[in-house]
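The structure under discussion appears below in the form of structure tokens.
Numbering (the UniProt record's numbering), first residue to last: 1 to 162.
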């Protein structure tokens, strides 16, 4: 598991802090963020789906996004998620199973379906998902954030993206 050696303040409910061997603060999160992509996507599709799904996680709960970044010259940059995001791959059957498990465990998730590659705006995206029964969604990616053990069980069988 990736450990963030960031020294920024963290949400008290989502992490535990300690000092690592290098003297830097090591942040261990109680939750895990995972994006799972279908294993047959083109590179541009992988990036597009990851970006959209991660935006769903970032906006799902207050406090998930940190403070603005600032460089040494005083230029401000947008904030990002406070914790690492793991990107994994799986076949369509595992994605469908993971979606079902996440919903059954009450773990909120974002979905991206094949149809969204051909829509042009947010309302059309929502309409494309709403027009298909849950078990028939042609998933190309999901993203979820929840307790580490629960997320691990949901995505069991997925592989690290490589």
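Every residue gets a Cβ at the ideal spot worked out from N, C-alpha and C, and that includes glycine. Owing to the predicted nature of the structure, the values given are computational and were not obtained by experimental measurement.
How is residue i classed by DSSP in three states: helix, strand or coil?
i: residue 19; result: No answer about residue 19 holds up, because its pLDDT of 49 lies below 50 and its placement is not dependable.
i: residue 54; result: helix
i: residue 175; result: Past the boundaries of the shown model lies residue 175; the chain is included only from 1 to 162, so the question cannot be answered.
i: residue 154; result: helix
i: residue 143; result: strand
i: residue 99; result: helix
i: residue 149; result: helix
What whole-angstrom Cβ distance do residue i and residue j have, given they're in contact under 8 angstroms?
i: residue 36; j: residue 98; result: 6 angstroms
i: residue 147; j: residue 30; result: 7 angstroms
i: residue 113; j: residue 87; result: Not quite, the Cβ-Cβ distance comes to about 18 angstroms (not below 8 angstroms), so this is no contact.
i: residue 65; j: residue 43; result: Not a contact, Cβ separation roughly 27 angstroms.
i: residue 132; j: residue 34; result: That belief does not hold up - the Cβ atoms of residue 132 and residue 34 are roughly 23 angstroms apart, past 8 angstroms.
i: residue 105; j: residue 155; result: Their Cβ separation, rounded to whole angstroms, is 12 angstroms, which puts residue 105 and residue 155 out of contact at 8 angstroms.
For residue i, which of the options has the nearest alpha-carbon?
i: residue 144; options: 129, 121, 111, 127; result: 111
i: residue 68; options: 92, 60, 61, 77; result: 77
i: residue 83; options: 42, 153, 138, 32; result: 32
i: residue 93; options: 138, 65, 79; result: 138
i: residue 126; options: 154, 135, 116; result: 116
i: residue 118; options: 25, 45, 40, 153; result: 45
i: residue 63; options: 81, 73, 48; result: 81
i: residue 167; options: 48, 57, 149; result: Residue numbering for the chain in the displayed model covers 1 to 162; residue 167 lies beyond these limits and cannot be assessed.
i: residue 96; options: 71, 134, 25, 48; result: 134
i: residue 122; options: 55, 41, 73, 71; result: 55
Would the beta-carbon of residue i fall within 8 angstroms of that of residue j?
i: residue 162; j: residue 53; result: no
i: residue 158; j: residue 50; result: no
i: residue 91; j: residue 28; result: no
Next item on the list: May I have a chain-ordered list of the alpha helix (DSSP H) segments no shorter than 4 residues that lie completely inside the region 63-138?
Entry: Secondary structure remark: continuous alpha helix (DSSP H) runs of at least 4 residues inside the region 63-138, in chain order: 92-104, 122-130.
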